[in-house]
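Please read the structure below before turning to the comments.
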Amino acid sequence: MRGAWGWADLLRERSKVLSGILNGIDTSVWNPETDPHIAARFSAKELESRAANKAALQRRLGLDLCPDALLLGVISRLSWQKGLDLLLENVPTIVNEGMQFALLGSGDSDLQDRYQAVSKANVGRIAVLIGYDEALAHLIQAGADALVVPSRFEPCGLTQLCALRYGAVPIVSRVGGLADTVIDVEEADIAGGAATGFKFGPGTDETLAGALRRASNSFHDKQAWRKLQLNGMSTDVSWRNRASQYAALYHDAVAIRRN
-8 MRGAWGWADL LRERSKVLSG ILNGIDTSVW NPETDPHIAA RFSAKELESR
42 AANKAALQRR LGLDLCPDAL LLGVISRLSW QKGLDLLLEN VPTIVNEGMQ
92 FALLGSGDSD LQDRYQAVSK ANVGRIAVLI GYDEALAHLI QAGADALVVP
142 SRFEPCGLTQ LCALRYGAVP IVSRVGGLAD TVIDVEEADI AGGAATGFKF
192 GPGTDETLAG ALRRASNSFH DKQAWRKLQL NGMSTDVSWR NRASQYAALY
242 HDAVAIRRN
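According to our numbering, the stretch in the sequence shown is residues -8 to 250, in order.
If you want it as structure tokens, here you go:
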């Protein structure tokens, strides 16, 4: 019946395959070359200027001024879905590997309390700010060496796209759009593209620990790390291509209805 036509019919017609369209970000707002919220603006051609943002972030949050420590950033809602309990279980790994950790977010009261507790127990190494601060979110993207997104499920996600744009190497769980937007070092050749970060799965504290250690090892190979950053910064995370995919989808929908 013609009047009962809907999206299910469109999906069946489109080669019987369900496909998704990735998110994009506003690259005029999230632009390290023009960002008014960061300590030093930079580009892929001036990546050495990024170090000033790391130092500024460390000072802002009371972390030790240590340029050689892998600084992990998290900007997230604190919830089971976002996998923030898995990251808590990895505090010993973070500390023992000589990493630092900066978190901005809010959510479940239990997680908030636990994160504040580990921050107090690891002054200079772990910093936690409960709430949201737009300027600090930009500084974390510009100053953290890596951005951790350990979600148990995620349709697409936005913070890892901002991280790519800012040269913060993503460490993400192998789910949903996180898996689709980050190319792991170990799968770069298979994926036919240049590596941009690290993925782990299934979502357990053990697999996350493995990804953190892999990232730590790569971070201390400055040439390899710089390549990851440049690959990420050259990735198109804008709405440009996404918009054309939506246009094609709607074009197909109209064509099917007319037939």
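Idealized CB from N, CA, C, for every residue including glycine.
- In this structure, residue 208 lies away from residue 133, with their beta-carbon atoms at least 7 Å apart.
- Scanning the segment 89 to 159 from its first residue to its last, the whole beta strand (DSSP E) runs of 3-plus residues come out as 91 to 98, 117 to 121 and 137 to 140.
- The DSSP-derived three-state label of residue 210 is helix.
- Exposed is the label assigned to residue 211, since fewer than 16 other Cβ atoms lie within 10 Å of its Cβ.
- Per DSSP, residue 167 lies in no beta strand (DSSP E); the unbroken alpha helix (DSSP H) holding it starts and ends at 167 to 172.
- Secondary structure note for residue 82: its alpha helix (DSSP H) is the uninterrupted segment 82 to 87.
- Secondary structure note for residue 36: it is in no alpha helix (DSSP H), with a DSSP letter that is neither H nor E.
- Residue pairing of residue 162 in beta bridges, as defined by DSSP: 139 and 189.
- Only residues of its own chain outside the window of five on either side were considered, and among them 160, 176, 186, 187, 188 and 209 have a CB closer than 8 Å to the CB of residue 219, listed in chain order.
- Taking the C-beta atoms as reference points, residue 192 is found no nearer than 7 Å to residue 74.
- Counting of Cβ neighbours within 10 angstroms places residue 25 among the exposed residues, the total staying below 16.
- The beta carbon of residue 55 sits closer than 8 Å to the beta carbons of 49, 91, 115 and 116 from its chain, once the five residues preceding and following it are set aside; these are given in chain order.
- The alpha-carbon of residue 95 is positioned some 7 Å away from that of residue 123.
- Taking all protein chains in view, the Cβ of residue 158 is crowded by 16 or more other Cβ atoms within 10 Å, so the residue is classified as buried.
- DSSP places residue 62 inside the beta strand (DSSP E), whose first and last residues are 62 to 69.
- Here DSSP, grouped into helix, strand and coil, assigns residue 175 to strand.
- In this structure, residue 146 sits away from residue 199, with a CB-CB distance that is not shorter than 7 Å.
- CA-to-CA, the gap between residue 28 and residue 151 works out to about 18 Å.
- Residues of the same chain with a CB within less than 6 Å of the CB of residue 80, apart from the 5 flanking positions on each side, are 196 in chain order.
- Only buried fits residue 23, as 16 or more other CB atoms lie within 10 angstroms of its CB.
- Its Cα nearest to that of residue 204, the residue 63 stands out among 63, 130 and 121.
- The shortest C-alpha to C-alpha distance from residue 34 to any of 170, 51 and 224 is the one to 224.
- The alpha carbon of residue 60 has as its nearest neighbour, out of 221, 30, 173 and 213, the alpha carbon of 213.
- Taking the C-beta atoms as reference points, residue 143 is found no nearer than 7 Å to residue 98.
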